[in-house]
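Novice: Dropping the structure in here first, questions after.
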Amino acid sequence: MFGFGTMIEKLKKDPKSIVFTEGSDPRILEAASRLLASSFLKPVLLGNPDEIEKSAENAGYNIRGAEIIDPENYDRFDEMVDLFCEIRKSKGMTPEEARKILSAGNYFGTMLVKMGVADCLLGGATYSTADTVRPALQIIKTKPGNSIVSSCFILVRPSATGENEVLAMADCAINLYPTEDELVEICGETVECARVFGVDPKVAFLSYSTLGSGKGDAVTKMQNATKKAKEKYPDLPIEGELQFDAAVSPRVARTKCPGSSAAAGHANTFIFPDINAGNIGYKIAQRMGNFEAYGPILLGLNAQINDLSRGCNALEVYSMSIITAALA
Ligand SMILES: CC(C)(COP(=O)(O)OP(=O)(O)OC[C@H]1O[C@@H](n2cnc3c(N)ncnc32)[C@H](O)[C@@H]1OP(=O)(O)O)[C@@H](O)C(=O)NCCC(=O)NCCS
3 MFGFGTMIEK LKKDPKSIVF TEGSDPRILE AASRLLASSF LKPVLLGNPD EIEKSAENAG
63 YNIRGAEIID PENYDRFDEM VDLFCEIRKS KGMTPEEARK ILSAGNYFGT MLVKMGVADC
123 LLGGATYSTA DTVRPALQII KTKPGNSIVS SCFILVRPSA TGENEVLAMA DCAINLYPTE
183 DELVEICGET VECARVFGVD PKVAFLSYST LGSGKGDAVT KMQNATKKAK EKYPDLPIEG
243 ELQFDAAVSP RVARTKCPGS SAAAGHANTF IFPDINAGNI GYKIAQRMGN FEAYGPILLG
303 LNAQINDLSR GCNALEVYSM SIITAALA
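So for the sequence shown, our numbering puts the first residue at 3; every next one is plus one.
Following this line, the structure appears as structure tokens:
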């Protein structure tokens with residue numbers, strides 16, 4: 003079952019360094035001070051050292067031990083520019099343009115991960131999701147064997163048994179209109195991520211239709227994606243296309259899709275047809291279902307880069323740091 007204890011234990015055995023692109027943000031500084039009080043994660047704060055130290059002092063956070071890297075004064079900047087030009091060579095990247103792009107924390111920080119200076123990155127406390135994700139897509143790139151980068155949210159709430167109820171939802175943040183094949187890939191990546199959080203995945207491909215009760219292109223897409231996913235992962239309980247009630251209620255599943263796979267009525271891993279449904283869906287669970295939402299956790303990259311919500315608080319930064327590093 004999900005708990006941060008397992009991830010912290012893992013990190014204690016193999017501590018990681020994590021770049022925070024917004025090094026002087028008070029929420030980042032609070033999370034960094036908390037991380038520094040333990041020894042399983044090494045924060046790397048980007049920004050002007052005087053500004054960061056002053057901001058930490060004013061807010062009363064002890065950040066002694068954190069590495070501070072100033073993008074305006076980095077001794078390996080020329081090397082970084084050369085590497086970035088090489089990576090973006092097909093786009094005609096010039097050193098001049100690269101210097102300008104790399105002066106921004108999101109690109110600079112992502113390059114630190116690429117250069118092996120840090121293991122992973124957490125950003126987005128002041129950037130949009132797109133501005134955190136774009137450098138990762140361009141620099142870190144999709145891992146071999148995958149065709150896309152996608153994302154999932156892990157949703158957690160205490161249950162009556164005293165154990166946490168843990169769900170995975172995807173793709174709620176990156177791909178606007180995933181194709182059938184992309185949905186299959188999103189399913190595989192989400193299942194792997196869900197397992198890290200202690201979920202025994204039972205997958206529902208969601209729709210407004212249950213096993214042909216409704217018609218439309220979106221229904222056909224989810225039907226075909228389910229068929230392909232079942233072929234690719236024959237040992238995994240997968241059902242679709244399912245309405246949400248048939249996915250989670252055994253009673254509704256018995257009525258709407260009797261005799262279907264173990265996932266119907268018991269699903270804990272949800273694949274949405276598009277980003278609209280996914281993003282709205284996870285927020286309903288978070289705001290009206292009392293779930294804590296962790297994510298978006300990016301899936302399918304060559305290194306772990308994650309995005310914070312601009313409305314995040316220090317506790318969320320702390321939690322996402324642990325998740326990001328544990329997956330690195
Ligand atoms: C992810 C996202 C930022 C990419 O948008 P973009 O920057 O306009 O994308 P582009 O089409 O310019 O692509 C930039 C690069 O990323 C690559 N790319 C784009 N989407 C990709 C994906 N899903 N997986 C892998 N690579 C991808 C492109 O191939 C391109 O690579 P290149 O520059 O080396 O040729 C965009 O899909 C997006 O905005 N998604 C929604 C984000 C959002 O608002 N979420 C809701 C809040 S959580």
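No residue lacks a Cβ here, since even glycine has one placed at the ideal position from N, Cα and C.
Find the nearest neighbour of Phe20 within the set Arg66, Ile70, Pro97 and Ala58, judged by alpha-carbon distance.
Specialist: At residue 20 the sequence reads Ile, which differs from the Phe that was named. The residue with the shortest Cα to Cα distance from Ile20 is Ile70.
Novice: Can you name, in chain order, every residue of its own chain whose Cβ lies under 8 Å from the Cβ of Asp237, other than the five neighbours on each side?
Specialist: None.
Novice: Check whether the Cβ atoms of Leu310 and Ala127 sit closer than 9 Å, and answer yes or no.
Specialist: It is a contact, given that the beta carbons lie within the stated cut-off.
Novice: Does the beta-carbon distance from Gly305 to Leu123 come in below 9 Å?
Specialist: With the sequence shown as reference, residue 305 is identified as Ala, and Gly is not the correct amino acid for it. Going by C-beta atoms, Ala305 is nearer than 9 Å to Leu123.
Novice: Our contact map puts Val201 next to Val168 with C-beta atoms below 8 Å; I'd like the distance itself, whole angstroms only.
Specialist: Right, the Cβ-Cβ distance comes to about 5 Å (below 8 Å), so this counts as a contact.
Novice: When you compare each of Ala58, Leu185 and Ser149 to Phe207 by their alpha carbons, which one comes out closest?
Specialist: Comparing Cα-Cα distances from Phe207 to each of Ala58, Leu185 and Ser149, the minimum goes to Leu185.
Novice: With a threshold of 8 Å (Cβ to nearest heavy atom), would Asp309 be considered close to ligand 1?
Specialist: At least one heavy atom of ligand 1 is nearer than 8 Å to the Cβ of Asp309, so yes.
Novice: From which residue to which residue does the alpha helix (DSSP H) around Met113 run?
Specialist: Taken as a continuous stretch (DSSP letters only), the alpha helix (DSSP H) holding Met113 covers Gly107 to Lys116.
Novice: Could you compute how far the alpha carbon of Leu31 sits from the alpha carbon of Leu47?
Specialist: Cα to Cα, the separation comes out at about 9 Å.
Novice: What do you get for Tyr179, buried or exposed, if any count of 16 or more other CB atoms within 10 angstroms of its CB means buried?
Specialist: The residue is exposed, with fewer than 16 neighbouring Cβ atoms inside 10 Å.
Novice: Touching or not, the stretch 240-260 and the stretch 211-228, by the rule of three or more beta carbon pairs under 8 Å?
Specialist: Counting Cβ pairs under 8 Å, three or more are found: they touch.
Novice: Out of Asp72, Met95 and Gln288, point me to the one whose CA is closest to Leu331's CA.
Specialist: Residue 331 falls outside the range modelled here, since the chain spans only 3 to 330, and no answer is possible.
Novice: Measuring CB atoms only, is the stretch 10-18 touching the stretch 37-52, in the sense that at least three cross pairs come out at less than 8 Å?
Specialist: Taking 8 Å as the limit for Cβ pairs, the verdict is that the stretch 37-52 does touch the stretch 10-18.
Novice: Pick out whichever of Glu98, Phe274, Asn50 and Ala61 has its Cα sitting closest to the Cα of Gln225.
Specialist: The shortest C-alpha separation from Gln225 is found at Phe274.
Novice: Excluding the 5 residues preceding and the 5 following Asn50 in the sequence, name in chain order all residues of the same chain whose CB lies nearer than 8 Å to its CB.
Specialist: Result list for Asn50: Ser26, Asp72 and Glu74, in chain order.
Novice: Would Ala39 be called buried (16 or more neighbouring beta carbons within 10 Å of its own) or exposed?
Specialist: So Ala39 ends up on the exposed side.
Novice: Along the chain, where does the beta strand (DSSP E) containing Ala295 start, and where does it finish?
Specialist: Note, Ala295: beta strand (DSSP E), Glu294 to Leu301.
Novice: Are the beta-carbon atoms of Asn177 and Ile277 separated by less than 9 Å?
Specialist: In contact: Asn177 and Ile277 (Cβ atoms closer than 9 Å).
Novice: Closer than 7 Å by C-beta to Lys145: which residues in its own chain qualify, once you throw out the five before and the five after it? Chain order, please.
Specialist: Gly302, Leu303 and Asn304, listed in sequence order.
Novice: Between the C-alpha atoms of Ala266 and Phe79, what's the straight-line distance to the nearest angstrom?
Specialist: Spanning the two alpha carbons is a distance of roughly 53 Å.
Novice: Does the Cβ of Asn108 lie closer than 8 Å to at least one heavy atom of ligand 1?
Specialist: Every heavy atom of ligand 1 is 8 Å or more from the Cβ of Asn108, so no.
Novice: Take Ala264 and list the residues in its own chain whose beta-carbon comes closer than 7 Å to its own, dropping the five residues that flank it on each side.
Specialist: Cβ within range, chain order: Lys204 and Pro239.
Novice: Would you call Ile282 buried or exposed, if buried means 16 or more other Cβ atoms sit within 10 Å of its Cβ?
Specialist: Ile282 comes out exposed.
Novice: Would a C-beta distance cut-off of 9 Å place Phe22 and Gly94 closer than the cut-off?
Specialist: For Phe22 and Gly94, no; Cβs fall outside 9 Å.
Novice: If we count the other Cβ atoms within 10 Å of its Cβ and call it buried at 16 or more, is Asn308 buried or exposed?
Specialist: Answer is buried; the Cβ neighbour count reaches 16.
Novice: Can you tell me whether Cys314 is helix, strand or coil according to DSSP?
Specialist: In the structure shown, Cys314 sits in coil (DSSP, three-state: anything other than H, G, I, E or B).
Novice: Less than 8 Å separating the Cβ of Lys93 from some heavy atom of ligand 1?
Specialist: Answer for Lys93: yes, Cβ within range of ligand 1.
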